[in-house]
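Q:
Residue numbers (this note's numbering): -9 to 303.
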């Protein structure tokens, strides 16, 4: 048997194995004690917000223009935090989940009418937050043990002061070197999409399984990655309107995802040190890297995986 055939079979086997990351709650406090301090030292302070009355399309345009994965919603006058909208909320609304009812039921499939509804219709109103006197360890606790990728920071009156994300935490931890390799921490139970899969199918899969990205595979070869941000940008950059013939959502969601994938594909390999992978992800401002061997997908490593690995070491 040729060596490439052996590696391909190994890759196929890995993809069918259960994931390696079910390790229970992380004892983060002992690992990150030396990083304790006010959370505002690590957070983004100048946060762009919009009020609840903002039309959905306008919020998506802001997120697309600024490169945001989430947008806090606050009162224009007081700055009091009211909720948040994420790229996952947007793909849910576009056809991936229950928020699509705004399109299908209230507006009987009229996508143009639905995108001009206010954000309060699709935002997440009940938030996990941190106080502005919290420590970075408190943020890690929420991110890892409550599976929240971005945590708003508020003062005692509930006014938004900043936001801290997985990426912010990874910046703190990636200053340390590690003995671990990507193979030790990567998720090997990777769901994938095909280039011809319609946006509706991929959005639904992401919402159903709470994924923010899916590797795209053709003939067993990795050819790209599709993210919730890619799908959101489809709306935010106005490409959606080129597809709207009747105004119906079906015109929008039938597009194959190959039309939305970025031309830049950043990957890593199983033997690479996780510190080097984290630094590269920070440099490229991406949230995940497919792991490949001989062009075959063998796993996926995300910001969440890296943060957890640095703390467990």
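Just so it is clear, CB atoms sit at the ideal spot from N, CA and C, and this is done for glycine as well. Note that the structure is a prediction, hence the values are computed from the model and not measured.
Who are the near neighbours of residue 255 in its chain, counting only those whose CB is closer than 7 Å to its CB and skipping five residues on each side?
A: So the list reads 214 and 215, once near-sequence residues are dropped.
Q: Go ahead and pull the three-state DSSP assignment for residue 248.
A: In the structure shown, residue 248 sits in a helix (DSSP, three-state: H, G or I).
Q: Buried or exposed for residue 284, please, with buried defined as at least 16 other CB atoms from any protein chain shown within 10 angstroms of its CB.
A: Label assigned to residue 284: exposed.
Q: Return the chain-ordered list of same chain residues with a C-beta closer than 7 Å to the C-beta of residue 205, the five sequence neighbours on each side being excluded.
A: 180, 182, 212, 215, 280, 287 and 290.
Q: What would DSSP say about residue 12, mapped onto helix, strand or coil?
A: Confidence is the limiting factor: at residue 12 the pLDDT is only 36, short of 50, which leaves the residue's position unreliable, though a coordinate-based value still follows. Three-state result, residue 12: coil.
Q: Should residue 335 and residue 39 be called a contact, given that it needs their Cβ atoms to be closer than 8 Å?
A: Absent from the model: residue 335. The displayed extent of the chain is -9 to 303, so no value can be given.
Q: Identify whether residue 25 lies in helix, strand or coil by the three-state DSSP scheme.
A: The predicted model places residue 25 with a pLDDT of 45, which falls under 50 and marks its position as unreliable, so this point remains unresolved.
Q: Is residue 29 closer than 8 Å to residue 131 when the C-beta atoms are compared?
A: Cβ atoms of residue 131 and residue 29: not closer than 8 Å.
Q: Could you check the C-alpha separation between residue 276 and residue 104 for me, to the nearest Å?
A: Spanning the two alpha carbons is a distance of roughly 30 Å.
Q: Can you tell me whether residue 210 is buried or exposed? The criterion is at least 16 other CB atoms within 10 Å of its CB, across all chains shown.
A: Flag for residue 210 reads exposed.
Q: Name the DSSP beta bridge partners of residue 203, please?
A: According to DSSP, which records beta bridges pairwise, residue 203 is partnered with 217.
Q: Quick one: residues in its chain with C-beta nearer than 8 Å to the C-beta of residue 114, no 5 flanking neighbours on either side, listed in chain order?
A: Answer for residue 114: 73, 74, 75, 76 and 79, listed in chain order.
Q: Whole angstroms are fine: how far does the CA of residue 116 sit from the CA of residue 8?
A: In this prediction, residue 8 scores a pLDDT of 34, lower than 50, which makes its location untrustworthy; no coordinate-derived value is stated.
Q: Report yes or no: do three or more beta-carbon pairs, one from the region 135 to 151 and one from the region 258 to 275, lie closer than 8 Å?
A: Verdict: no, contact absent.
Q: Contact defined as beta carbons within less than 8 Å: I believe residue 97 pairs with residue 168. What is the distance between those atoms, to the nearest angstrom?
A: About 50 Å separates the two Cβ atoms, so there is no contact after all.
Q: I'd like the ranges of any alpha helix (DSSP H) spanning at least 4 consecutive residues and lying wholly in the region 64 to 132.
A: DSSP runs (the alpha helix (DSSP H)) wholly in the region 64 to 132: 77 to 81 and 101 to 104.
Q: Among residues of its own chain, excluding the 5 on either side of residue 3, which ones have a beta-carbon nearer than 7 Å to its beta-carbon?
A: Caution is warranted here: a pLDDT of 35 is assigned to residue 3, below 50, making its placement in the model unreliable, and the coordinate value is therefore given only provisionally. Answer for residue 3: no residue qualifies.
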